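Worksheet: one structure, shown below.
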Amino acid sequence: MTCSRPRSRADFPKFGDLHVHTTYSDGACTPGEVVWAAAGLGLKALAITDHDTVSALAIARPEAQRAGIELIGGVEVSAEFHGREVHLLGHFVSEDGERLQALCRKVRESRGARLNAMIERLASLGLTVELGALQRAFPRALLGRRHLADYLVRSGQAADRRVVFAKVLGNHGPANVPKVPAPWREAIQAIGEAGGVAGLAHPPYDLKWASLEELVGGGLSSIEVDWPGLAPNKSLRLRETASRMGLVPIAGSDFHAADRHGRWLGAVATPIERIETLRALRPQPLNLVE
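Under the working numbering, the first residue of the sequence shown is numbered 1063, with each subsequent residue one higher.
Structure representation (structure tokens):
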């Protein structure tokens, strides 16, 4: 599996990609593949931020040590904020954080119910997905819409994934079932208790200033200001917002698969000095020794 576009190693030694997915959620590359692809680019650091799971970190960590790249423990939690879904990134999290593990497990269980409901809706539309076959096709993945779409393509029931999303599985499609995300305050607290720093992934364009103030008041510390496909003027506006709110501006490729122009691992990255600023915001453990 190709995870990155060949580029000079000199491009990346002062950068880290802080938003990368693997086969443990809805990515196309394994944890080892993304680690070695990032190391091959010369990236200094890599954050694996799978959706609602930290399972890939234990697999990726020894690979990162061998490859000579820093692996930043990460996660992307689906959260609910006043009736809308937002995605919260956690950086420098420990996979042993019990509250984060429990929160992710709860979200994953709701995903399972959602998956079964979408399979039933697809069946009503004449599209067949056998759950056992789907699980065998993606044995470690946190199954969701992307996997359903890929299954339909592999089984010859659809031309490509984009057609599936456009006609049946998109947000307003007849087979889509809304997620049941975690409460946003609980998600930020769980990230913090796991030793991590909470950030807002790909902020919605219509996010109001008062809403961002509320998120910051609840513990938000960083905000994505750049990702593939974001217009330069919108990136600039987000950077200005980060500065005004005292948030660390971060960036990442949001890599899932190298299936679209500009969506390569490392296509967008964060300077190391900002990563160090983010690192300094990690919660400090309580010292109980007098």
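No residue lacks a Cβ here, since even glycine has one placed at the ideal position from N, Cα and C.
None of the values given here were measured: they were computed from a predicted structure.
Residue of the options minimising C-alpha distance to residue i
i     : options                       : result
Q1163 : G1254, V1330 and G1314        : G1254
W1246 : G1279, L1214 and R1223        : G1279
C1091 : K1106, K1296 and I1121        : I1121
V1137 : K1076, G1308, Y1086 and G1324 : Y1086
S1117 : A1141, G1104, H1083 and A1129 : H1083
I1312 : G1324, P1290 and A1319        : P1290
For residue j and residue i, the rounded distance between their alpha carbons
i     : j     : result
T1339 : K1229 : 44 Å
P1124 : E1095 : 13 Å
G1102 : G1089 : 19 Å
A1263 : S1186 : 34 Å
I1134 : L1204 : 20 Å
G1232 : V1226 : 8 Å
G1212 : A1256 : The question names Gly, but residue 1212 in the sequence shown is Asp. Using only the alpha carbons, I get a separation of about 33 Å.
Q1251 : G1218 : 44 Å
A1221 : T1111 : 30 Å
L1274 : G1206 : 28 Å
S1172 : N1295 : 37 Å
Continuous beta strand (DSSP E) stretch holding residue i: start and end
i     : result
G1133 : Correcting the residue identity first, residue 1133 is Leu in this sequence and not Gly. Taken as a continuous stretch (DSSP letters only), the beta strand (DSSP E) holding L1133 covers E1132 to F1143.
R1355 : Past the edges of the chain, shown from 1063 to 1352, lies residue 1355, and the structure says nothing about it.
P1311 : V1310 to A1313
Within 8 Å, strictly: CB atoms of residue i and residue j
i     : j     : result
H1153 : V1287 : no
L1193 : L1214 : no
L1165 : V1148 : no
F1317 : L1327 : yes
D1079 : A1331 : yes
R1161 : T1115 : no
Residue range of the unbroken alpha helix (DSSP H) whose run includes residue i
i     : result
P1294 : P1294 to M1307
E1276 : W1271 to G1279
E1255 : W1246 to E1255
V1330 : Segment: none, V1330 is in no alpha helix (DSSP H) and carries neither H nor E.
Any non-hydrogen atom of the ligand SAH closer than 7 Å to residue i Cβ
i     : result
G1152 : In the structure on display, the ligand SAH does not appear, and there are no ligands present to speak of.
Cβ of residue i within 8 Å of any chain D Cβ
i     : result
Q1346 : Going by chain labels, chain D is absent from the structure shown, which holds only one protein chain.
Taking only runs of the alpha helix (DSSP H) that begin and end inside the stretch 1182 to 1221, which ones reach a length of at least 4 residues, in chain order? 1193 to 1199 and 1207 to 1216
Please specify which runs of the alpha helix (DSSP H), each continuous and at least 4 residues long, are wholly inside the stretch 1073 to 1109, giving them in chain order. 1093 to 1103
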